[in-house]
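Beneath this line is the structure, given in structure tokens, with notes to follow.
Here it is in structure tokens:
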């Protein structure tokens, strides 16, 4: 699976949009981009994933650049409860049934301030 | 409610006393996996299972056993726990069909081996 690079920490004001970048310059054509977050030692929580198109769900939006070498997770209106470590993960997806292991890096600690 | 349930949530025990951490999911997922999380090392996969009676080693399987006799359950067994297995453990599951589907994580089990 391709390696990802994220800033170690970011701050955001409550109510403002939080834009979390991720670089995955070695991504290959059959690799998806996943975003998870972990709130203070709780289980990682799935946020969103995508292949090449931008995606949006009730939690966030995912913007993937046209060359797929980077992406941005957008939390449109951050709240204090969004303070967490956010992980960008790239994983090969195939129909062969191999291990679906997720490789977590160090992630970005997002702190939402009042 | 769709969930992955781990028990116990916390356990303090002594070296050599066999223990089992249970994991159960109610989503009829074929794939299940165990991770451990340690400071500075992130989440590392211990074992995984692609389906009933199909298990395989992850990155750090030493000192652990698993079994998958039923689809919903995937217990993690420490036959002779040692202090270096003190860690935060997470169980995860996902469907196999549509292999890009996200994994769902349990709330974690914090083990302390004295």
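Protein chains in written order, with this note's numbering: chain G, -5 to 108; chain P, 219 to 332. Ideal Cβ positions, reconstructed from N, Cα and C, are used throughout, including at glycine. As the structure is a computational prediction, the values presented were derived from the model and not from experiment.
query = Is residue 74 of chain G helix, strand or coil by DSSP?
reply = helix
key: Beta carbon proximity, residue 310 of chain P to chain G, threshold 9 Å   = yes
message = Quick check on residue -3 of chain G: buried or exposed, where buried means 16 or more other Cβ atoms within 10 Å of its Cβ?
response = exposed
message = Can you pull the chain P neighbours of residue 100 of chain G, defined as C-beta to C-beta under 8 Å?
response = 260
request  = Note the first and the last residue of the continuous beta strand (DSSP E) segment covering residue 308 of chain P.
outcome  = 305 to 312
inquiry  = Residues in the same chain with beta-carbon distance under 7 Å from residue 283 of chain P, minus the five sequence neighbours each way, listed in chain order, please.
reply    = 295, 297
query = Are the C-beta of residue 290 of chain P and some C-beta of chain G separated by less than 9 Å?
reply = no
key: residue 281 of chain P to residue 299 of chain P span [Cα, whole Å]   = 7 Å
query = How do the region 95 to 106 of chain G and the region 39 to 47 of chain G stand: do at least 3 beta-carbon pairs fall below 8 Å, yes or no?
reply = no
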